[in-house]
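Here the sequence shown stands for residues -24 to -1, 1 to 414, where the numbers follow mature numbering (1 follows the signal peptide of the UniProt record, and there is no 0).
Glycine residues also receive a C-beta, built at the ideal position from the N, C-alpha and C atoms.
Here the structure is laid out as structure tokens; the discussion comes afterwards.
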Amino acid sequence: MRTRQRLSLLTVAAMIGVTGCSQGTEPTESTAEQNVAATTSCAGKGELTMWERSGGNKDMVDMLVAAWNTKNPDCKIALTYIPHTEMVGKIAQGIASGQVPDLMGMDLIYAPQFEKAGQLVDLTDRIRAWPELATASSGHMTVATYDQRLYGVPLYADVSALFYNKDLFKRAGLDPAEPPTSLSELRSYADKITALGGDVKGYYLPGNCAGCNIFTVGPLMWASGAKIEAAGPGDEPLVGDGVKQVLQFERDMVRAGNVHDGDRTENGETFHLQFGSGKVGMMGTGNFNITLARQQNPGMDFGIALLPGVAPNSSASFIGGDLVVVPKGSKRVNDAVNFMKFLLSDDVQVEVYAKALNLTTRSDMVDNKYFQAEPLVQDVAKALTVGRTPYTLTFFEQINSPQGPWLKMLQRAYYSDDDLDAVIADAKKEMKEIAAKS
């Protein structure tokens, strides 16, 4: 999970509101149009425009659009990638000016802020009866919902899990069929792998990447019963003993020499390449690393387990990825909805997502012929059952900002001798102040 936009979405929302775009100037649809039954084919004719952020799962999105275009030659989608650092501003400017795409992919974590600002089309009456939504990724659907209204469906899913190098397990005298199921086991295994010496370390900890840490360290806290973010004004962040327990665990891993010194400067740019180096025993990373690790290191034998908590057999995962949504002002809402129906269809879930060994976005589609032939995908798909997605209107400011309280807390915990209670208290205060402004 890479670091993302530095532009405050609260500022964006305010800017949009000033333009008057949210005052009903966009085209409205008749009730008859809203009641058109969704299909997986064109509702109209002519090219559809779609924006998607760079830095996401480009290969998957390209395949999905190509599959739609093959099936629907009369209304092909013209896909444009917007640099992820520019996407939020681009969307805001487009909505303000009326120059919006017909549909777009959106980093799921930012959806609540745009939903609250009234800048996405409310799709509730069109899609709420779809049976496919019953098994759609719960993390995606949580952030696709605002005030009990629905604004999108999953485009693709990224989940975090514990990848472990079976070759290093064997060398260290560990059973490659028995990955750690608690933080204490994780520490013990890491000690043994690090003891192999050379340039091998038992664990990987990205020291300068806020997004990487919420993706991989955040679940350790959730699995230990903690709550991290403040959802809104008055909500309490960093609640539960698991926060301090995990911070102490990570501090101890650093002090024990179980991570490479260079990990401290990891800002997300090379995060996805670390496990495939073959020099890391265990690492929290995402399903995207299955293919990458094999490309980097074809001979490496590795496994995937759930990210553990303090108690044995506790686990959690971060569900990330993108939603497909419709910006206010779109003139092709029916076709955008049909594309959503297409994405969730049995055929696309199996013959596009699963065939490419990407996670299906419906849990009932995990048992398919392609995943059956690839046990690692089956293993990582288990993370969907324990995954969650933070829901807050200030995710960037609280969590993902390189200057935000989350990363400052982690770095003090990992690399200083500061009292952990004081470290947590400082972060808690700053997170509450941020949330109070939402």
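task: Would you list the residues sitting across from Ala281 in a DSSP beta bridge?
output: Leu138
message: Quick check: the segment 372 to 391 against the segment 312 to 321, are at least 3 beta-carbon pairs closer than 8 angstroms?
response: no
Given residue 420 as reference, the closest of Val97, Gly244, Thr111 and Ile190 once Cα atoms are compared: Look at the range of the chain in this structure, -24 to 414, and you will see that residue 420 is not part of it.
task: May I ask you to report which of helix, strand or coil DSSP gives Leu150?
output: coil
query: Would Leu249 be called buried (16 or more neighbouring beta carbons within 10 Å of its own) or exposed?
result: exposed
field: Gly32 in three-state terms, based on DSSP
entry: coil
- prompt: Between the C-alpha atoms of Phe145 and Val97, what's the straight-line distance to the nearest angstrom?
  reply: 50 angstroms
query: For Ser30, does the count of other Cβ atoms within 10 angstroms reach 16, so buried, or fall short, so exposed?
result: exposed
query: How many Å lie between Tyr132 and Ile53 at the Cα?
result: 17 angstroms
query: When DSSP labels each residue in this structure, what does Ser164 get in the three-state scheme?
result: helix
- prompt: Considering Leu84, what are the terminal residues of the alpha helix (DSSP H) in which it resides?
  reply: That residue, Leu84, is in no alpha helix (DSSP H); it is neither H nor E in DSSP.
query: Could you give the distance in angstroms between the alpha-carbon of Ala43 and the alpha-carbon of Ala330?
result: 13 angstroms
task: Taking 8 angstroms as the threshold, find out whether the segment 268 to 279 comes into contact with the segment 172 to 183 through three or more Cβ pairs.
output: no
- request: Alpha carbon to alpha carbon, how far is Thr157 from Thr210? Give it in angstroms, no decimals.
  value: Checking the sequence, you will find Gly at residue 210 rather than Thr. Going by the C-alpha atoms only, they are around 35 angstroms apart.
task: Could you tell me which of Leu126, Arg125, Ile169 and Thr118 sits nearest to Lys142, measuring between CA atoms?
output: Ile169
- prompt: Going along the chain, which residues of its own chain have a beta-carbon closer than 8 angstroms to the beta-carbon of Arg227, five neighbours each way excluded?
  reply: Ala389, Tyr390 and Leu396
field: Contact under 7 angstroms by Cβ, Leu159 with Pro284
entry: yes
query: Taking Cβ positions only, does Leu150 come closer than 7 angstroms to chain D?
result: Here there is only one protein chain, and chain D is not present.
query: Quick one: what's got a C-beta closer than 6 angstroms to Thr370's C-beta in the same chain, skipping five residues either side?
result: Ile410, Ala411 and Ser414
query: For Gly201, which residues of its own chain have a beta-carbon under 6 angstroms away from its beta-carbon, when the five flanking residues on both sides are left out?
result: Gly216 and Gly218
query: Expressed to the nearest angstrom, what Euclidean distance is found between the alpha-carbon atoms of Ala206 and Lys405?
result: 11 angstroms
field: Distance, Tyr140 Cα to Val171 Cα
entry: As written in the sequence, residue 171 is Ala, which differs from the Val given in the question. Their backbone Cα atoms lie some 16 angstroms apart in a straight line.
message: I'd like the list of long-range same chain contacts for Ser253, defined as Cβ closer than 8 angstroms, with 5 residues on each side in sequence excluded.
response: Gln272 and Asn273
message: Is the beta carbon of Gly81 closer than 7 angstroms to that of Val300?
response: yes
message: Tell me the DSSP secondary structure of Phe264 in three-state form.
response: coil
query: What alpha helix (DSSP H) runs, 4 residues minimum, are completely inside the segment 327 to 370?
result: 345 to 348 and 351 to 357
- prompt: Is it right to say Ser306 is buried, meaning 16 or more other beta carbons lie within 10 angstroms of its own, or is it exposed?
  reply: buried
Assigned secondary structure, Asp78 (DSSP; H/G/I helix, E/B strand, else coil): coil
query: Beta-carbon separation of Val258 and Tyr179 under 7 angstroms?
result: The sequence given here places Met at residue 258; Val does not occur at that position. Yes, these two residues count as a Cβ contact at 7 angstroms.
task: Look at the alpha carbon of Asp239 and the alpha carbon of Pro49, and state the distance between them as a whole number of angstroms.
output: 48 angstroms
task: Please determine, among Pro152, Asp78, Met63 and His60, the residue with the shortest C-alpha to C-alpha distance to Glu23.
output: Asp78
- request: Kindly give me the distance between the Cβ atoms of Val64 and Thr365, rounded to whole angstroms, as I take these residues to be in contact under 8 angstroms.
  value: No, Val64 and Thr365 are not in contact; Cβ-Cβ is about 18 angstroms, not under 8 angstroms.
query: Count the other CB atoms within 10 Å of the CB of Lys345; is the residue buried (16 or more) or exposed (fewer)?
result: exposed
message: Tell me which residue opens and which closes the alpha helix (DSSP H) that Ala68 is part of.
response: Met63 to Ser73
- prompt: What separation, rounded to the nearest whole angstrom, lies between the Cα atoms of Glu91 and Phe247?
  reply: 31 angstroms
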